[in-house]
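Report on the structure given below.
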Amino acid sequence: MNSLNTEPQSLNTAEKPFRKTGVADISESPLHPRRKSRRIMVGPVPVGGGAPISVQSMTNTLTADVPATLQQIAELTAAGCDIVRVAVPSQDDADALPEIVRKSPIPVIADIHFQSKYVFQAIDAGCAAVRVNPGNIRKFDQVGPDICKAATDAGISLRIGVNAGSLDKELYAKYGGPTPEALVASALKEAHMFEDVGFHDFKISVKHHDVITMVQTYRLLASKGDWPLHLGVTEAGPAWQGTIKSCLAFGALLAEGIGDTIRVSLSAPPVEEVKVGCKLLEYMGLRKRKFDIISCPSCGRAQVDVIQLANAVTDGLKSITAPIRVAVMGCIVNGPGEAREADLGVASGNGKGQIFIKGKVVETVPEDRIVETLLTKANEIAEQMEADGQVPVNATGPVVIPIQHPNKAA
Ligand code: SF4
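Counted from 1, the sequence shown has number 310 at position 310 by UniProt numbering; the numbering is strictly sequential.
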């Protein structure tokens, strides 16, 4: 008997209709259900326990330069960042924390290595959370309980941030390197130490620069307990490589339901990290989608410069928060079909562009008016979507946080 079943499988489309293009519905997500994790708070932002997956980034200004740091935080917030981390390598940086915390529109996490005294100062400064790296904080075993007590008294959370590059020396020697087992052993050691003194408000990260190792490490950690997990591929590289690595690693884990908050690490301006993180979640159906463009790659049949057209439309609509989908197609092969499925589209040919709105041709314009016409129509549709309440209150993330200009902030 032939073991191969050549009969087509019934798709039972009557019960499970294919998803249509258009406004994303996160309830239709094909991903594995989210892993059950405990919930902690980072200021007003919930992390874990089914909360929306938040996007984090880290400033690269001198933290002690308060105006520059607040300016960058404002830019990150505008790009959709939910939580920001600032490095605290010196006393001047620690001294700057109270003002930064007071004026930041989003919760601030202090990132502390080596010196535990800055942990206590960050807690006193009102930081929403503190990231500690047990692998390089001196005498962490001794100061850990005091850190937990200070965090409990202040009502803030912590992150245990284990990195391949700063793994505890003993574990490095025992496992022969920063293997998944070594990174998880480091995280578990600190997690158990926190829990032994009754502290549970922490999340964990176990970052590695290698995508496969990182995924294996988080999978292993996820199987050991219900801590909320902060995903990151550390030192992922410049924007192009780092974006690919992060999308692969986060995509694999998030598809399995693993991950409660993410930080894309790029050798690029931090705002680029936030853009990648937000779009990644949008495309996975884990965050309400904003503007999206469908554009063909163009080929020998293209009768307009699709690349230039798609870039001009994307640039012109980058600040739109309505979930509008625009199709830019180079010829009549797939053009009319895609343009019909989108909220707005153009199918080009013979020096003209046929403009579609919600599947109907509304206008035919000469090629040199395609961009201007699409931008005008897109803005009209976006305004209507807003009037109809289709734009989430905070289209960029899970929490509503007003953006304040640092100079005007209270
Ligand atoms: S839509 Fe037309 S121009 Fe664009 S890739 Fe397809 S065939 Fe080529």
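The C-beta atom is built at its ideal place from N, Cα and C for all residues, glycine as well.
At least one heavy atom of the ligand SF4 lies closer than 8 Å to the C-beta of residue 302.
The alpha carbon of residue 376 has as its nearest neighbour, out of 355, 120, 388, the alpha carbon of 355. Here the stretch 142-149 lies against the stretch 102-120, with 3 or more beta-carbon pairs under 8 Å apart. In this structure, the straight-line span from the alpha carbon of residue 72 to that of residue 336 is close to 42 Å. The Cβ atoms of residue 106 and residue 76 lie closer than 9 Å to each other. The beta carbon of residue 112 is closer than 8 Å to those of 88, 118, 119, 122, 130, 131, 132, 133, 137 in its chain, skipping five residues each way along the sequence. Burial check for residue 223: the Cβ neighbour count within 10 Å stays below 16, so the residue is exposed. Per the DSSP secondary-structure output, residue 366 pairs in a beta bridge with 352. Closest by C-alpha distance to residue 41, out of 295, 151, 250, is 151. Within the DSSP bridge table, the entry for residue 346 names 328, 355 as partners. Annotation note: the stretch 266-298 contains the following uninterrupted alpha helix (DSSP H) runs of length 4 or greater, listed N- to C-terminal: 270-283. Residue side-chain check: residue 299 places its Cβ nearer than 8 Å to a non-hydrogen atom of the ligand SF4. Distances between the C-beta of residue 332 and the heavy atoms of the ligand SF4 include at least one below 8 Å. For residue 160, the uninterrupted beta strand (DSSP E) run begins and ends at 157-163, by DSSP.
Around the C-beta of residue 324, 16 or more other C-beta atoms lie within 10 Å, and the residue is accordingly described as buried. Between the stretch 211-229 and the stretch 176-187, the count of C-beta pairs closer than 8 Å reaches three or more; the two stretches touch.
Beyond the five residues adjoining it in sequence on each side, residue 94 comes within less than 6 Å, by CB distance, of 88, 118, 121 in the same chain, given in chain order. The three-state reading of DSSP puts residue 111 in strand, counting E and B together. For residue 50, same chain residues with a beta-carbon under 7 Å away, outside a window of 5 residues either side, are 34 in chain order. One alpha carbon belongs to residue 200, the other to residue 194, and they sit about 7 Å apart. Taking C-beta atoms as the reference points, residue 210 and residue 230 fail to come closer than 9 Å.
Judged by DSSP in its simplified three-state form, residue 116 adopts helix.
For residue 36, no alpha helix (DSSP H) encloses it, and the DSSP letter there is neither H nor E.
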